[in-house]
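Novice: Okay, here's the structure, questions in a sec.
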Amino acid sequence: MSSPAQPLAASLVQSVDWLAIAPPTIVAVVGLVVLVADLFVAEHRKTLLGWTSVAGLAAATVMLLPLLDGDRSTFCLTGDVAVCSYTADRFTLVIQFLVLGGALLAALLSVTALKDARKELPEGEYWFLLLSSAAGAALLPASRDLATLIVALEVASLPAFALVGLKYGDRKSSEAALKFFLSSVTATAVSLMGISFVYATTGTLYLTQVADRIQDVDGQFHTLAQTGVVLTLVGFAFKTAAVPFHFWVPDTYVGAPLPIAAYLSVIGKAVGFSGLILVTVVALPSYADVWGPALVVLAALTMTVGNAGALRQQATRAYSAVRLLAWSSVGQAGYLLVPIAAAAYSGDAEKSIGSTVAYALMYGAVNLGAFAVAALVGRTKILNRVADYRGLYASSPLSALLLAFFLLCLAGLPPGIIGLFAKVTVFSAAVDAGLGWLAVVMAVNVVIALFYYLQWTALLFRTPEGEPEKHRVPGPVTAAIALTGVLGIALSGAPQLVLRFTDTGLF
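Residue numbers (our numbering): 5 to 511.
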């Protein structure tokens with residue numbers, strides 16, 4: 005006679021769709037391989053660890069291709085196969101492409117940065133932490149329950165703290181890491197409290213079940229549910245660098261190795277925005293009256309404070325180029341928030357979310373390109389001031405032209421057609437949702453941003469002070485600049501390709 009425990013145990017056993025989870029799994033496995041290999045690889049051959057990491061990220065990116073033929077889910081409830089913890093749908097694949105592609109470009113920049121660091125950065129630990137963070141970032145957009153979402157968020161974040169403060173004996177780096185760590189831990193704690201409130205009122209962590217059950221919450225728990233919704237948003241608002249959770253950004257970007265600053269500016273935002281989308285639009289659509297107005301205010305504040313901060317940067321101040329890019333990324337986060345906020349008021353939430361995804365792809369490509377050129381200039385100009393870019397065209401014409409193109413894309417001016425196109429999709433999302441005043445605020449901020457983007461662009465082509473200094477471009481940096489340049493130019497030539505990402509498959 006069989007024990008009643010046997011059928012129960014059998015019912016809990018489920019198959020794992022290894023193809024669906026392949027991208028983040030490959031990155032995690034390569035990270036472990038690099039960590040172990042670091043013990044055995046001789047000091048003069050440590051660059052092998054970097055190229056192994058680059059190959060692993062490239063392989064994970066390629067593994068997205070077999071997943072394009074349809075949605076796949078795994079780790080599902082045995083009683084309801086429609087409720088799963090991991091789903092590889094169109095939204096997941098687009099964000100994973102952004103995350104893994106961005107991590108690959110950051111890895112290419114890191115190969116040269118580690119070589120230039122002359123043992124100030126431990127290579128084995130660096131690559132393990134970068135790959136660990138990338139694995140968490142790739143897991144997050146596929147997460148369909150709140151527990152997996154928070155775990156993925158922390159797996160992406162915790163290694164990033166260490167990466168920021170990894171420079172031996174660098175006080176600036178240590179202070180940046182501490183500020184980043186303390187503020188992030190506080191935001192995560194608040195977010196976890198919010199999730200506990202949501203769980204207390206719904207009895208589930210699965211996003212689709214939360215969406216169904218939170219509509220029928222008992223009246224006496226309504227305030228608890230609303231509080232849970234607001235607190236849950238805090239952690240993701242921090243990751244997106246939304247005001248007032250943005251104060252860590254400038255110092256962290258300056259203190260971190262430049263490839264890590266580039267990584268945080270794009271992958272960190274992809275993590276925050278994908279988590280924010282999943283929590284608001286998928287799990288809590290019935291509470292749009294709570295998170296909608298909150299995100300509208302956050303969007304207006306974020307773009308205004310970010311652009312004002314970038315406008316205040318002095319060209320001769322130390323690290324002003326990195327600080328300007330940091331404040332610029334805060335302003336761009338405001339634009340990215342607009343369509344998510346619009347989803348609360350729009351009759352077509354999927355189209356609104358698609359505008360954010362399309363804008364994120366444009367921003368990711370051109371912002372990584374700008375950081376790649378900054379990494380090139382920073383090899384000879386240690387202080388990396390905006391003034392150091394004067395006459396860059398005379399010493400490195402192609403780099404200057406590409407940086408000018410990237411800056412014009414961020415400003416939304418021709419020939420950066422993709423930047424203009426992405427901004428128009430965000431404008432239309434706001435207008436279609438009846439948020440005309442927010443579209444006006446965005447228009448004013450775009451005009452403000454034109455000033456500092458064009459000022460920097462003009463500086464590239466001015467007569468250099470003294471003899472122009474030639475910039476020797478290492479192979480990995482050349483590859484990073486070329487890849488971002490080709491992608492930006494290709495999308496500017498065919499901006500309609502971005503429209504394909506307005507259908508996210510989330511609904």
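Built from N, CA and C at the ideal position, the CB exists for glycine as well. Every value quoted in this text rests on a predicted model; they were computed, and no experiment measured them.
Could you give the DSSP three-state label for D293: helix, strand or coil?
Specialist: In the structure shown, D293 sits in a helix (DSSP, three-state: H, G or I).
Novice: Report yes if the C-beta distance between G276 and G232 is below 8 Å; otherwise report no.
Specialist: Not closer than 8 Å, so no.
Novice: Measuring CB to CB, does A59 end up less than 8 Å from V31?
Specialist: For A59 and V31, no; Cβs fall outside 8 Å.
Novice: Give a yes or no on whether the C-beta atoms belonging to L4 and E127 are separated by under 8 Å.
Specialist: With the chain covering 5 to 511 only, the question about residue 4 has no answer from this structure.
Novice: Reducing DSSP to helix, strand and coil, say where S332 ends up.
Specialist: Note: S332 maps to helix in three-state DSSP.
Novice: Taking the alpha helix (DSSP H) that F79 falls in, what are its first and last residues?
Specialist: No alpha helix (DSSP H) holds F79; the beta strand (DSSP E) holding it covers 76 to 81.
Novice: Quick check on A117: does DSSP put it in helix, strand or coil?
Specialist: In this structure, A117 counts as helix in the three-state DSSP scheme.
Novice: In this structure, how does DSSP classify Y90 when only helix, strand and coil are distinguished?
Specialist: Three-state result, Y90: strand.
Novice: State the CB to CB distance for the pair A379 and A433, rounded to an integer number of angstroms; the pair is presumed to be in contact (CB under 8 Å).
Specialist: Contact flag wrong, Cβ pair sits at about 33 Å.
Novice: Could you please give me the residues that DSSP links to Y210 through a beta bridge?
Specialist: DSSP, once it has assigned bridges, lists D149 as partnering Y210.
Novice: Looking only at its own chain, which residues have a Cβ that is under 6 Å from the Cβ of I421, when we skip the five neighbours before and after it?
Specialist: Within the same chain, I421 has close Cβ partners S496, P499.
Novice: In angstroms, rounded to a whole number, what distance separates the CA positions of A319 and A391?
Specialist: Those two C-alpha atoms are separated by around 5 Å.
Novice: Using three-state DSSP, classify P8 as helix, strand or coil.
Specialist: In this prediction, P8 scores a pLDDT of 48, lower than 50, which makes its location untrustworthy; no coordinate-derived value is stated.
Novice: Using a Cβ-Cβ cut-off of 7 Å (strictly less than) and excluding sequence neighbours within five positions of A13, which residues of its own chain qualify?
Specialist: Legend: pLDDT at A13 = 44, less than 50; position of this residue unreliable, value from coordinates given subsequently. Once the five neighbours on either side are set aside, A13 has no close Cβ partner at all.
Novice: Which of the three DSSP states, helix, strand or coil, is assigned to K385?
Specialist: Three-state result, K385: coil.
Novice: Can you look up A2 in the DSSP assignment and give me helix, strand or coil?
Specialist: A query on residue 2 cannot be resolved here, the shown segment of the chain reaching from 5 to 511 and no further.
Novice: Determine the closest residue to T116 out of V98, T51, A447, with distance taken between C-alpha atoms.
Specialist: The shortest C-alpha separation from T116 is found at T51.
Novice: For F410, which residues from the same chain have a beta carbon less than 6 Å from its beta carbon, with the 5 sequence-adjacent residues on both sides left out?
Specialist: Contacts found: V370, G373, A374.
Novice: My parser needs the alpha helix (DSSP H) runs of 4 or more residues fully inside the segment 227 to 274; what are they?
Specialist: Listed in chain order, they are 253 to 259, 262 to 267.
Novice: Grouping DSSP H, G and I as helix and E and B as strand, with all else coil, what is F465?
Specialist: Coil, per DSSP.
Novice: Identify the continuous alpha helix (DSSP H) that holds S531 and give its terminal residues.
Specialist: Beyond the ends of the chain as shown, which are 5 and 511, falls residue 531; an answer cannot be given.
Novice: Looking at C-alpha atoms only, which residue of A398, S359, A408 is the closest neighbour of A376?
Specialist: Measuring from the Cα of A376, the nearest candidate turns out to be A408.
Novice: Can F165 and L39 be called in contact, C-beta distance under 8 Å?
Specialist: Not a contact, by the Cβ cut-off of 8 Å.
Novice: In the DSSP assignment, find the unbroken alpha helix (DSSP H) run with Y393 in it and report its ends.
Specialist: Unbroken run through Y393: none, as it is neither H nor E.
Novice: Can at least three beta-carbon pairs, one atom from the segment 202 to 221 and one from the segment 178 to 186, be found at a separation below 8 Å?
Specialist: No, they do not touch.
Novice: Any chance the segment 344 to 362 sits against the segment 289 to 308, with 3 or more Cβ pairs inside 8 Å?
Specialist: Judged by Cβ distances under 8 Å, the segment 344 to 362 makes contact with the segment 289 to 308, as three or more pairs qualify.
Novice: Let me see if you follow: with CB-CB separation under 8 Å, is M366 close to chain D or not?
Specialist: Among the protein chains of the structure shown there is no chain D, as only one such chain exists.
Novice: What does a CB cutoff of less than 6 Å around Y172 pick up in its chain, not counting 5 residues either side in sequence?
Specialist: Closer than 6 Å at Cβ, skipping near neighbours: E124.
Novice: If you run the structure through DSSP and keep just helix, strand and coil, what is V159?
Specialist: The answer is helix: DSSP assigns V159 an H, G or I state.
Novice: Can you name, in chain order, every residue of its own chain whose Cβ lies under 7 Å from the Cβ of V342, other than the five neighbours on each side?
Specialist: Taken in chain order, the residues that qualify are A303, V430, A433, A434, L442, M446.
Novice: Grab me the residues of G492's own chain with a C-beta within less than 7 Å of its C-beta, minus the 5 sequence neighbours each way, in chain order.
Specialist: Only A369, V370, G373, F409, F410, C413, I422 meet the Cβ criterion.
Novice: Note down, in chain order, each residue of its chain lying with its Cβ closer than 6 Å to the Cβ of L112, except the 5 sequence neighbours on either side.
Specialist: Counting only Cβ-Cβ distances below 6 Å, and skipping sequence neighbours, we find P480, A483, A484.
Novice: Could you spell out where the alpha helix (DSSP H) holding D436 opens and where it closes?
Specialist: From DSSP, the alpha helix (DSSP H) with D436 extends over 421 to 436.
Novice: Please report the distance separating the alpha-carbon of L153 from that of F240.
Specialist: About 10 Å.
Novice: Give me, in chain order, the residues of the same chain whose beta-carbon lies closer than 7 Å to that of L501; leave out the 5 immediate sequence neighbours on both sides.
Specialist: Once the five neighbours on either side are set aside, the close Cβ partners of L501 are L495.
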